[in-house]
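Scroll down for the structure; my scribbles are underneath it.
Residue numbers (our numbering): 86 to 206.
Below, the structure is given as structure tokens:
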């Protein structure tokens, strides 16, 4: 089964600075893509974090107060890239994330189906 076949949630290319906390250490990172279920991040240097390691992502959206905060775990690492799967997200964060995805996907019906699938999990 390919990654595309396994992936249930659409990802958008999204380049923005963010903060990643892994093993109690904060570091700056860049978000490369984003979905309702996780993110692909670029870090300044490779992180020694095996899959399953708890992590937290904080992504400031624009100049305002909107912040997306995800609690999750490391899904994979390769060189200076880290895949994160989201396990917990607060209501404000999921609202901001859903709107961001809706604007970038251009398909509100697709996002609605994915959001319903997320809630059903």
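A virtual CB, placed ideally from N, CA and C, is assigned to each residue, including glycine.
Computed from a predicted model, the values in this text were never measured in an experiment.
query, result
"Outcome for residue 130 when other beta-carbon atoms lying within 10 angstroms are tallied against a minimum of 16", "exposed"
"Residues near residue 170 in its chain [Cβ-Cβ closer than 7 Å; skip 5 each side]", "122, 123, 157, 158 and 160"
"Those runs of the alpha helix (DSSP H) which lie wholly inside the region 101-146 and span at least 4 residues", "none"
"Cα-Cα separation between residue 87 and residue 112, rounded to whole angstroms", "No answer about residue 87 holds up, because its pLDDT of 42 lies below 50 and its placement is not dependable."
"Rounded straight-line distance, which links the Cα of residue 133 to that of residue 74", "Nothing about residue 74 can be reported from this structure: the residues present for the chain run from 86 to 206 only."
"Short Cβ contact (8 Å threshold) for residue 120 with residue 155", "no"
"Nearest neighbour of residue 98, chosen from 175, 125, 176 and 174 [CA to CA]", "125"
"Inter-residue Cα distance where the pair is residue 102 and residue 176", "22 Å"
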